[in-house]
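For reference, the structure discussed in these notes is given below.
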Amino acid sequence: MATRTPPETPADRPPGPASGRAGRPPAPEKARRGRKSATAGTGRMAALLVSPTLLVLTVVVLYPTIMALRESLYGTKGLDPKTGFISDTEPFVGLQNYTDIFGEAGERFWNAFWNTTFFTVVTVGLETVIGVAMALIMHKAFSGRALIRASILIPWAVPTAISGLLWRWIFNSDGIANALIGHQVLWTTEGFHAKVAVIIAEVWKTAPFIGLLVLAGLQVIPREVYEAARMDGASPLRQFWHITLPLVKPALLVAVLFRCLDALRMFDLPYLLVGAQKSSVETLSMLAQNEASNVRFGPAAAYAVVLFVYVLLIALGFVRLLGADVVGDAGGPGRKKRRWASKRNRVEVSA
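Residue 113 in the numbering used here sits at position 113 of the sequence shown; the count goes up by one each step and never skips.
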């Protein structure tokens, strides 16, 4: 008599892929190894791609910074008090160059420090306002927009040396500036008018840079956001304040950060426009260059290190306070559109 094999029950079946619906079985060891090797390969490829940039930064930034720190610990060549002969090597003075900056040479240092800070705050503030206005003009669709864009961006493309010589001719005693105001002003001499001349020339040259970055931010804003705002009856001013400005804030903050770092090391424009050793416009970079030109490399390196620390602190503080907005994780255009729609719904319900 043939015996029948009873049908296999689900409990008797060996575990397999089909039985893993309730609880997925752990990944096989081979798959885990494959993922680890893929991750390691991606990390090696990323390190290989980044290594040229790190090498260039090491050569261009790290090595000069270390050499400046080392040079700032040495004094100038002169008479050796022990032997009475002229020393062929620079004596090690430790932190004396830094103490002299805040001591004997403190008046000149603080004047250059406040000039640098004043130029940075005023020029970057004016450039931000003018740059945003330029971006709004370049973003509008009208006849001849390409020509307007080119004319706005030309000052930024002009080299700073050429720009300084151009504005020196404009601010000459018999130049165009005095002819326009109908008054004789010696713009390139000591006084507050020298600061005004530097600010005008700097804003004219670098405001298009902020305008260019803000224009890039404006072009990624979807038109549906403005259409929704117009349907709600929002005025152009309200659209700018509640839609345009928040959405271009990441690009605007990056532009302001770059301009702050650039303005803090301002050297060539006031040097060419007004001249060296003018207390009205002397910046920290000009002060360091003046010390180096007089073969006082130790104090010059100390000034450069102080300026480097100042710029570094400004950059770190800027990124720490506004870092979330710089990377743009405060929300994109879609989130802003949803926020506007929810606000409209609240208004309708309250009505």
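Quick reminder that beta carbons are idealized off the backbone N, C-alpha and C, glycines included. This one's a predicted model, so the numbers in the text were calculated from it and none came from an experiment.
- With contacts defined as CB atoms closer than 8 angstroms, L264 and I199 fail to qualify as a contacting pair.
- Taking the CA atoms as reference points, V274 sits about 39 angstroms from T244.
- The count of Cβ pairs closer than 8 angstroms, one atom from the stretch 277-289 and one from the stretch 101-119, reaches three, so the stretches are in contact.
- Around the beta-carbon of S163, 16 or more other beta-carbon atoms lie within 10 Å, marking it buried.
- With a cutoff of 8 angstroms on beta-carbon distance, A197 and W167 are scored as near each other.
- Across the set V214, T116 and T117, the C-alpha of V214 shows the shortest separation from the C-alpha of K249.
- By DSSP's assignment, Y63 forms no beta bridge with any residue.
- Checking the DSSP bridge columns, you'll see Y74 partnered with F92.
- Taken atom to atom, the span from the alpha-carbon of N178 to that of D268 is near 24 angstroms.
- The distance from the Cβ of E71 to that of A301 is about 4 angstroms, consistent with a contact at the 8 angstroms cut-off.
- With three or more CB-CB distances shorter than 8 angstroms, the stretch 200-213 counts as touching the stretch 133-141.
- Contact between T117 and V256 does not hold, since their C-beta atoms are separated by about 15 angstroms, which reaches or exceeds 8 angstroms.
- Put simply, of V124, F142, L252 and F297 the residue whose alpha carbon is nearest the alpha carbon of Y98 is F297.
- If you draw a 10 Å sphere on the C-beta of R259, you find 16 or more other C-beta atoms in it, and that means buried.
- T188 counts as buried, since at least 16 other C-beta atoms from the protein chains shown sit within 10 angstroms of its C-beta.
- Look at R223 here: in three-state DSSP terms it is helix.
- Shown here for Y74: same chain residues with a beta carbon closer than 7 angstroms to its own, the five before and five after excluded, namely E90, P91, F92, V93 and G298 in chain order.
- If you ignore the 5 residues before and after L165, its C-beta comes within less than 7 angstroms of the C-beta of L272, all in its own chain and listed in chain order.
- L316 and F308 have their C-alpha atoms roughly 12 angstroms apart.
- A buried status is given to A201, since no fewer than 16 other beta-carbon atoms sit within 10 Å of its beta-carbon.
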